[in-house]
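Engineer:
Number of protein chains: 2
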Amino acid sequence: MARKTGSHSEITGPRIRAEAQRLFARHGFAAVSMRQIAAAVGVQAGALYLYTPDKEALLFDLLKTHMDGLLAAWAEEPKGEGARARLEAFVRFHIRYNLERAEAVFLSYMELRNLGPENFAVIEGLRKTYETELEAILKAGQAEGVFDLPDSKLATMAIIAMLTGVNTWFRAGGRLSRETVEAIYWDMVRKAVSA
Amino acid sequence: MARKTGSHSEITGPRIRAEAQRLFARHGFAAVSMRQIAAAVGVQAGALYLYTPDKEALLFDLLKTHMDGLLAAWAEEPKGEGARARLEAFVRFHIRYNLERAEAVFLSYMELRNLGPENFAVIEGLRKTYETELEAILKAGQAEGVFDLPDSKLATMAIIAMLTGVNTWFRAGGRLSRETVEAIYWDMVRKAVSA
DNA sequence: TTTGCGGGTGAACAGCCGTTCAGTTAGCGT
DNA sequence: ACGCTAACTGAACGGCTGTTCACCCGCAAA
Chain V
1 MARKTGSHSE ITGPRIRAEA QRLFARHGFA AVSMRQIAAA VGVQAGALYL YTPDKEALLF
61 DLLKTHMDGL LAAWAEEPKG EGARARLEAF VRFHIRYNLE RAEAVFLSYM ELRNLGPENF
121 AVIEGLRKTY ETELEAILKA GQAEGVFDLP DSKLATMAII AMLTGVNTWF RAGGRLSRET
181 VEAIYWDMVR KAVSA
Chain E
1 MARKTGSHSE ITGPRIRAEA QRLFARHGFA AVSMRQIAAA VGVQAGALYL YTPDKEALLF
61 DLLKTHMDGL LAAWAEEPKG EGARARLEAF VRFHIRYNLE RAEAVFLSYM ELRNLGPENF
121 AVIEGLRKTY ETELEAILKA GQAEGVFDLP DSKLATMAII AMLTGVNTWF RAGGRLSRET
181 VEAIYWDMVR KAVSA
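Respectively, the protein sequence lines represent chains V and E. Residue numbering for the first sequence follows our numbering, starting at 1 and increasing by one per position. Residue numbering for the second sequence follows our numbering, starting at 1 and increasing by one per position.
#1: I need the straight-line Cα distance from residue 42 of chain V to residue 166 of chain V, nearest angstrom please.
#2: Looking at residue 192 of chain V: is its Cβ nearer than 8 Å to the Cβ of residue 145 of chain V?
#3: Among V:104, V:190, V:117, V:153, which residue has its Cα nearest to the Cα of residue 128 of chain V?
#4: What does the alpha-carbon distance come out to for the pair residue 50 of chain E and residue 62 of chain E?
#5: So residue 184 of chain V contacts chain E; which residues on that side make the cut at Cβ distance below 7 Å?
#6: Run down chain V in chain order and give the residues with a C-beta less than 9 Å from the C-beta of residue 30 of chain E.
#7: Hey, how far is the Cα of residue 122 of chain E from the Cα of residue 138 of chain E?
#8: Could you run through the stretch 117-144 of chain E and flag, in chain order, every residue whose CB is less than 7 Å away from some CB of chain V?
#9: Let me confirm a value: residue 52 of chain V is counted as buried when at least 16 other C-beta atoms fall within 10 Å, else exposed. Which label applies?
#10: Could you check whether the Cβ of residue 165 of chain E sits closer than 8 Å to any Cβ belonging to chain V?
#11: What are the boundary residues of the alpha helix (DSSP H) that includes residue 177 of chain V?
#12: Would you mind stating whether residue 93 of chain V and residue 111 of chain V have Cβ atoms separated by less than 8 Å?
#13: Since residue 113 of chain V meets chain E, which of its residues come closer than 9 Å, beta carbon to beta carbon?
#14: Starting from residue 181 of chain V, find everything on chain E with Cβ-Cβ shorter than 8 Å and list it in chain order.
#15: DSSP on residue 194 of chain E, reduced to helix/strand/coil?
#16: My guess is that residue 119 of chain V and residue 170 of chain V are in contact by the Cβ rule of under 8 Å, so how many angstroms apart are they, rounded?
#17: Take residue 79 of chain E as the anchor and find which of E:48, E:26, E:133, E:114 has the nearest alpha-carbon.
#18: Would residue 91 of chain V and residue 98 of chain V be called neighbours here (beta carbons separated by less than 8 Å)?
#19: With DSSP run on the structure shown, which of helix, strand or coil describes residue 170 of chain E?
#20: When you compare the CB of residue 20 of chain E with every CB in chain V, is at least one pair closer than 8 Å?
#21: Does the CB of residue 67 of chain E have a neighbour CB from chain V at under 8 Å?
#22: Taking 7 Å as the cut-off, is the C-beta of residue 46 of chain E nearer than that to any heavy atom in the ligand MN?
#23: Under a CB-based cut-off of 8 Å, is residue 104 of chain V close to chain E?
#24: Is the distance from the Cβ of residue 188 of chain V to the Cβ of residue 158 of chain E below 8 Å?
#25: Name the chain V residues that come within less than 8 Å of residue 169 of chain E, Cβ to Cβ?
#26: Can you tell me the Cβ-Cβ gap for residue 28 of chain V and residue 28 of chain E, rounded? I've got them flagged as a contact below 8 Å.
#27: Could you check which residue in E:148, E:109, E:47, E:174 has the C-alpha nearest to that of residue 2 of chain E?
#28: According to the Cβ coordinates, are residue 75 of chain E and residue 140 of chain E closer than 8 Å?
#29: In whole angstroms, give me the CA-to-CA distance for residue 32 of chain E and residue 58 of chain E.
#30: Enumerate in chain order the residues of its own chain whose CB-to-CB distance from residue 25 of chain E is below 6 Å, with the five nearest sequence positions on each side excluded.
#31: How would you list, in chain order, the residues of chain V whose beta-carbon sits under 7 Å from the beta-carbon of residue 187 of chain E?
#32: Does DSSP put residue 60 of chain V in a helix, in a strand, or in coil?
#33: Under 8 Å by Cβ, that's how I've got residue 18 of chain E and residue 34 of chain E pegged, so tell me the actual separation to the nearest angstrom.
Here it is in structure tokens:
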């Protein structure tokens with residue numbers, strides 16, 4: 001046996017990334033072997049190297065793709081007028097977008113340390129860019145006089161940590177719908193930053 | 001060579017746990033080998049098995065010790081009268097205690113999945129107990145009429161995520177002192193939950 | 001129908017993994 | 001001074017690691 005019947009790179013490539021994401025999120029990058037990923041795809045380990053130069057590059061591709069998607073989606077998100085409306089948009093967007101991509105979000109927070117210095121810096125830069133989006137809203141709100149913050153940097157980190165935390169406990173079909181959670185979190189954020 | 005000069009289990013035992021914690025926090029449980037831990041201690045890999053039955057038990061011991069310490073320290077923390085004072089005590093305690101034990105906190109959040117089901121349940125139970133402490137404060141405050149919360153469970157998770165997030169960015173000797181950070185976070189929490 | 005190559009296989013590489021164990025020595029109670 | 005045991009070594013176990021490579025076959029274009 002050599003080539004599989006009906007095999008195409010447009011199919012195998014995405015499947016490798018999907019299975020890698022699932023396994024990395026479930027067991028951790030270091031705990032998952034290339035052979036496990038290959039088995040999940042239904043292929044031999046050597047075939048993975050037609051799609052990635054090495055294991056770390058596979059992880060980096062997942063993280064980079066996620067962060068690019070996050071920034072692109074936020075850029076296209078309708079935001080409304082004024083800092084308050086923009087903050088609400090951010091809160092709801094962050095919760096929604098992250099809940100829909102729980103595995104990728106998990107990876108982006110947990111497996112950064114498995115990247116080499118250059119790759120790490122790239123992802124860290126994208127995260128920083130995203131954080132700066134929120135901080136800009138908070139600063140604008142302070143300038144408008146609708147927010148009262150002792151420190152915009154701390155408020156940024158606090159809000160993001162709080163919002164991202166939803167991913168650790170939210171289960172679809174649970175006591176609360178995603179929309180309800182968005183509303184409650186927005187309420188807490190609104191009060192925390194209001195003048 | 002066999003026994004080292006000046007070797008004692010009261011010395012080697014704690015050193016193994018300390019080095020394991022440092023390495024697990026730095027590189028991740030799965031990425032650290034028993035030989036690496038042993039080398040950091042200055043001992044051969046086999047010697048570790050005089051102190052732990054296996055690698056997972058070593059991790060479990062670290063997590064269990066941390067969670068026990070956390071609960072014991074909170075039990076002894078002065079809390080003042082009324083829900084507001086108790087909430088402030090919790091906020092300041094959580095930030096302070098966690099910042100002083102960054103590695104253990106990191107481990108407790110990241111490496112839970114490397115535990116078997118029974119060990120996992122133990123740590124998860126202790127964490128639940130800790131969360132319930134905060135939720136009780138929030139509920140009491142609502143009964144007192146000093147807090148206004150749409151959902152005490154969500155508020156609990158939101159506050160803990162927000163506070164624990166400090167560990168991801170805080171650096172001693174940075175722009176803000178620990179006390180300042182405590183005060184700012186307490187201010188945000190206070191506003192977020194206030195009636 | 002033949003040809004080229006994209007998409008694989010499967011074996012091999014050197015090296016590391018967690019764990020066990022027989023052997024060896026340091027320190028301590030007697 | 002002697003013996004016992006706590007503390008540790010170093011080698012070995014089978015198995016797994018990421019990665020490479022020579023080889024092979026199915027599919028599409030000529």
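Using N, Cα and C, we set each Cβ at its ideal position, and we do this for glycine too.
Structural biologist: Short version:
#1: Numbered from its first residue, the first sequence carries residue 42 of chain V at position 42. Numbered from its first residue, the first sequence carries residue 166 of chain V at position 166. Cα to Cα, the separation comes out at about 34 Å.
#2: Residue mapping note: residue 192 of chain V aligns to position 192 of the first sequence, counting from 1. Residue mapping note: residue 145 of chain V aligns to position 145 of the first sequence, counting from 1. Contact: no.
#3: Start at 1 with the first residue of the first sequence, and residue 128 of chain V comes out as number 128. Comparing Cα positions, the closest option is V:153.
#4: Within the second sequence, numbered from 1, the residue matching residue 50 of chain E stands at position 50. Within the second sequence, numbered from 1, the residue matching residue 62 of chain E stands at position 62. So the alpha carbons of these two residues sit roughly 16 Å apart.
#5: Within the first sequence, numbered from 1, the residue matching residue 184 of chain V stands at position 184. Near residue 184 of chain V (Cβ distances below 7 Å), the residues of chain E are 150, 151, 154.
#6: By 1-based counting over the second sequence, the position of residue 30 of chain E is 30. Simply 27, 28, 29, 30, 31, 32.
#7: For this step, residue 122 of chain E is matched to residue 122 along the second sequence. For this step, residue 138 of chain E is matched to residue 138 along the second sequence. In a straight line, the C-alpha of residue 122 of chain E is about 25 Å away from that of residue 138 of chain E.
#8: none
#9: The residue given as residue 52 of chain V occupies position 52 in the first sequence. So residue 52 of chain V counts as buried.
#10: Taking the first residue of the second sequence as 1, we reach residue 165 of chain E at position 165. So yes, residue 165 of chain E belongs to the interface.
#11: Translated into the one-based positions of the first sequence, residue 177 of chain V becomes position 177. It is not in any alpha helix (DSSP H) - residue 177 of chain V carries neither H nor E in the DSSP assignment.
#12: Taking the first sequence and counting its residues from 1, the one referred to as residue 93 of chain V is at position 93. Taking the first sequence and counting its residues from 1, the one referred to as residue 111 of chain V is at position 111. Cβ atoms of residue 93 of chain V and residue 111 of chain V: not closer than 8 Å.
#13: Working through the first sequence from its first residue, we reach residue 113 of chain V at position 113. Under the 9 Å cutoff, chain E gives 26, 27, 28, 31.
#14: Position 181 of the first sequence, counting from 1, holds the residue named residue 181 of chain V. Residues of chain E passing the Cβ test: 154.
#15: Numbered from its first residue, the second sequence carries residue 194 of chain E at position 194. Of the three classes helix, strand and coil, the one that applies to residue 194 of chain E here is strand, per DSSP.
#16: For the purposes of this step, residue 119 of chain V is taken as residue 119 along the first sequence, with counting starting at 1. For the purposes of this step, residue 170 of chain V is taken as residue 170 along the first sequence, with counting starting at 1. That pair is no contact at about 29 Å.
#17: Residue 79 of chain E sits at position 79 when you count from the first residue of the second sequence. Closest option to residue 79 of chain E, Cα to Cα, is E:133.
#18: Looking up residue 91 of chain V in the first sequence gives position 91. Looking up residue 98 of chain V in the first sequence gives position 98. In this structure, residue 98 of chain V does not lie closer than 8 Å to residue 91 of chain V by Cβ.
#19: The count along the second sequence starts at 1 and reaches residue 170 of chain E at position 170. Residue 170 of chain E falls in the coil class under three-state DSSP.
#20: Stepping through the second sequence from its first residue, residue 20 of chain E is reached at position 20. Not an interface residue.
#21: For the purposes of this step, residue 67 of chain E is taken as residue 67 along the second sequence, with counting starting at 1. It does not; no Cβ of chain V falls within 8 Å.
#22: Because no ligand of any kind appears in the structure shown, any question about the ligand MN cannot be addressed here.
#23: Locating residue 104 of chain V in the first sequence gives position 104, where the first residue counts as 1. Not an interface residue.
#24: Within the first sequence, residue 188 of chain V is the residue found at index 188, counting from 1. Within the second sequence, residue 158 of chain E is the residue found at index 158, counting from 1. Going by C-beta atoms, residue 188 of chain V is nearer than 8 Å to residue 158 of chain E.
#25: Here residue 169 of chain E refers to the residue found at position 169 when the second sequence is read from its first residue. Per Cβ cutoff of 8 Å: 157.
#26: Indexing the first sequence from 1 puts residue 28 of chain V at position 28. Indexing the second sequence from 1 puts residue 28 of chain E at position 28. Right, their Cβ atoms sit about 7 Å apart.
#27: On the second sequence, residue 2 of chain E is found 2 positions in, with the first residue counted as 1. Comparing Cα-Cα distances from residue 2 of chain E to each of E:148, E:109, E:47, E:174, the minimum goes to E:47.
#28: Within the second sequence, numbered from 1, the residue matching residue 75 of chain E stands at position 75. Within the second sequence, numbered from 1, the residue matching residue 140 of chain E stands at position 140. No, the pair does not count as a contact, with Cβ atoms beyond the cut-off.
#29: By one-based count along the second sequence, residue 32 of chain E stands at place 32. By one-based count along the second sequence, residue 58 of chain E stands at place 58. Each residue's Cα considered, the two are about 12 Å apart.
#30: Within the second sequence, the letter at position 25 stands for residue 25 of chain E. Same-chain partners within the cutoff: 103, 106, 107.
#31: As a working mapping, residue 187 of chain E is identified with position 187 in the second sequence. Correct list: 150.
#32: Within the first sequence, the letter at position 60 stands for residue 60 of chain V. It is helical.
#33: Along the second sequence, one-based indexing puts residue 18 of chain E at 18. Along the second sequence, one-based indexing puts residue 34 of chain E at 34. With a Cβ gap of about 15 Å, residue 18 of chain E and residue 34 of chain E do not count as contacting.
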